Structures are given as structure tokens and as C-alpha cells.
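One structure is given here, and the rest of the page talks about it.
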Amino acid sequence: GDSVTQMEGPVTLSEEAFLTINCTYTATGYPSLFWYVQYPGEGLQLLLKATKADDKGSNKGFEATYRKETTSFHLEKGSVQVSDSAVYFCALMQRGYNKLIFGAGTRLAVHP
Amino acid sequence: SAVISQKPSRDICQRGTSLTIQCQVDSQVTMMFWYRQQPGQSLTLIATANQGSEATYESGFVIDKFPISRPNLTFSTLTVSNMSPEDSSIYLCSVESRTGTYEAFFGQGTRLTVV
Numbered sequence: 001g002d003s004v005t006q007m008e009g010p011v012t013l014s015e016e017a018f019l020t021i022n023c024t025y026t027a028t029g030y031p032s033l034f035w036y037v038q039y040p041g042e043g044l045q046l047l048l049k050a051t052k053a054d055d056k057g058s059n060k061g062f063e064a065t066y067r068k069e070t071t072s073f074h075l076e077k078g079s080v081q082v083s084d085s086a087v088y089f090c091a092l093m094q095r096g097y098n099k100l101i102f103g104a105g106t107r108l109a110v111h112p
Numbered sequence: 113s114a115v116i117s118q119k120p121s122r123d124i125c126q127r128g129t130s131l132t133i134q135c136q137v138d139s140q141v142t143m144m145f146w147y148r149q150q151p152g153q154s155l156t157l158i159a160t161a162n163q164g165s166e167a168t169y170e171s172g173f174v175i176d177k178f179p180i181s182r183p184n185l186t187f188s189t190l191t192v193s194n195m196s197p198e199d200s201s202i203y204l205c206s207v208e209s210r211t212g213t214y215e216a217f218f219g220q221g222t223r224l225t226v227v
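For the protein sequence lines, the chains are A and B, in the order given.
Numbers 1 to 112, taken from our numbering, label the letters of the first sequence in order.
Numbers 113 to 227, taken from our numbering, label the letters of the second sequence in order.
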């Protein structure tokens with residue numbers, strides 16, 4: 001079945017460092033791909049999405065590109081802030097099924 | 113976007129009891145979803161609830177343990193029955209986007225602790 005694999009955390013960075021969180025998926029067809037973020041004590045929020053190959057999703061300085069050839073959707077940010085400390089979930093959704101399949105989540109801690 | 117309100121936001125319950133979680137959406141939606149997030153884990157879909165029909169449960173989840181109601185297009189409840197400490201989790205309600213972009217919106221979640 002479909003699945004999502006994320007790099008294990010926690011990821012600990014200093015403020016202004018470059019961030020990459022790896023995400024790869026296994027799925028048939030052409031799923032939509034998502035990054036969700038969960039800030040401490042809050043619910044999930046959609047961070048960005050991509051619905052077809054080579055699409056780049058971006059929001060709040062975060063970017064991820066839908067790479068069909070490598071089945072990847074890595075999350076990047078050029079300069080992280082303390083306020084980016086959260087748990088990040090990569091997810092996919094198959095068209096027509098409306099069911100999200102989540103990765104295990106990666107905890108990011110950014111220190112001043 | 114959709115605004116989703118869940119009640120209660122948290123609760124501490126005795127084992128053997130049941131808790132009903134409410135989910136209210138500010139717009140009409142066809143499908144509502146219930147997820148579980150166990151401590152330190154990812155989210156797992158429990159069931160999909162359509163108005164006017166029985167909920168569809170994922171593997172490992174059964175109606176007797178997690179009965180769901182969907183009386184109209186803006187409301188759903190999830191009951192966690194005969195609770196045990198293993199049921200301690202965050203339970204989240206979710207709805208799909210109406211714009212066909214295949215994204216989901218989530219409520220704040222209900223943090224359940226069973227003692």
C-alpha cells in the first residue's frame with residue numbers, strides 16, 4: 001500500500017541555519033503531496049502542497065518540490081527561526097480517495 | 113478554508129468509561145474524517161464519516177469501540193468506548209477542501225488521557 005517515509009528527528013539547528021527534512025513516498029499513480037506543521041499545543045496546519053510532478057509548493061519561506069523520478073518531496077528553508085520549532089509531517093493523498101497518509105513526523109528544534 | 117471546532121479540547125477519563133468528542137464545521141462538507149495521534153506518533157485515520165450513511169472504518173478500528181455519528185453536513189461525533197490507558201491519544205477531526213485541491217483542514221484536536 002501507499003506509504004510515506006520521513007527522516008527521523010529530532011533535528012536541532014541554530015537560528016538562520018539551512019533546513020532540509022527528507023520525505024519519500026511509495027504510491028501508485030500521481031498522488032498529491034503535502035507538508036503539515038504542528039506547533040506546540042496546536043493542531044495541524046497545512047504548510048504547503050504540490051499536486052503534480054515538478055510542482056513547487058512554498059509558504060512562509062519553506063519550499064518543497066514534487067519529484068516524481070525520485071518519489072520525493074523534501075522540505076527546505078534557507079534560514080530557520082526559533083518560531084519554526086514544531087513537528088513537521090509529510091503526507092500524501094490519492095486522488096479520489098480523500099484519505100491522507102502521513103509520515104512519522106520530524107521534530108525540529110531551533111535554538112537562538 | 114474551513115474552520116473546525118472540537119470539544120472538548122482535553123479530558124482525563126477513568127478506564128472503562130466512554131467519551132464523546134464533537135466536531136463542528138463552519139460550512140457544509142460531504143466527508144469528515146477522524147484521526148488518532150498516539151503519543152509521539154504520527155496520525156492514523158480511524159474512519160470516514162459521510163452524512164446519511166454508516167462510517168467507513170480503517171483496518172484495526174471497529175464501530176463498537178469508536179462509534180461515529182454524522183447527523184448533518186456540519187457536525188460529527190466520535191465516541192471512544194470502554195476506554196483503557198492505550199486509548200490515551202489526541203483525536204482529530206478533519207474535513208476536505210471544497211475547492212477540489214485535495215487538501216485537508218484539521219480541528220485543534222482533543223487530548224485524551226485515560227487513567
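The C-beta atom is built at its ideal place from N, Cα and C for all residues, glycine as well.
No experiment lies behind these values; they were computed from the predicted model shown.
- For L204 of chain B, the closest of B:G152, B:T225, B:S171 and B:Q134 by C-alpha to C-alpha distance is B:Q134.
- The three-state secondary structure of D123 of chain B, taken from DSSP, is strand.
- No residue range can be given for L185 of chain B, since it is assigned to no beta strand (DSSP E) and is classified by DSSP as neither H nor E.
- Spatial neighbours of T189 of chain B in its own chain (CB-CB distance under 6 angstroms, excluding positions within 5 residues in sequence) are listed in chain order as T132, Q134 and S181.
- In the DSSP assignment, A216 of chain B forms a beta bridge with B:E208.
- Closest in alpha carbon position to R223 of chain B, among B:S139, B:Q150, B:Q126 and B:I116, is B:Q150.
- The shortest CA-to-CA distance from Q136 of chain B to any of B:T225, B:T191 and B:I116 is the one to B:I116.
- Against L185 of chain B, chain A offers no close residue; the least beta-carbon distance is about 15 angstroms (beta-carbon pairs closer than 8 angstroms).
- Selection B:G221, B:A161, B:S201 and B:R127 evaluated against N194 of chain B yields B:R127 as nearest (Cα-Cα).
- Within chain A, no residue has its beta carbon less than 8 angstroms from that of L190 of chain B; the closest one is some 15 angstroms off.
- Judged by pairs of C-beta atoms under 8 angstroms, the segment 16–34 of chain A touches the segment 74–83 of chain A, as three or more such pairs exist.
- Per DSSP, Q94 of chain A lies in no beta strand (DSSP E) segment and is marked neither H nor E.
- Its chain contains Y25, T26, A27, T28, P31, L92, Q94 and I101 as the residues whose beta carbon lies nearer than 8 angstroms to that of D2 of chain A, once the 5 sequence neighbours on both sides are disregarded; these appear in chain order.
- Among the CB atoms of chain B, one or more fall inside 9 angstroms of the CB of F102 of chain A.
- Within 10 angstroms of the beta-carbon of D84 of chain A lie 16 or more other beta-carbons, which makes it buried.
- Taking each of B:I124, B:F218 and B:T225 in turn and checking the Cα distance to Q45 of chain A, the smallest one comes out for B:F218.
- The C-beta of A216 of chain B comes closer than 9 angstroms to at least one C-beta of chain A.
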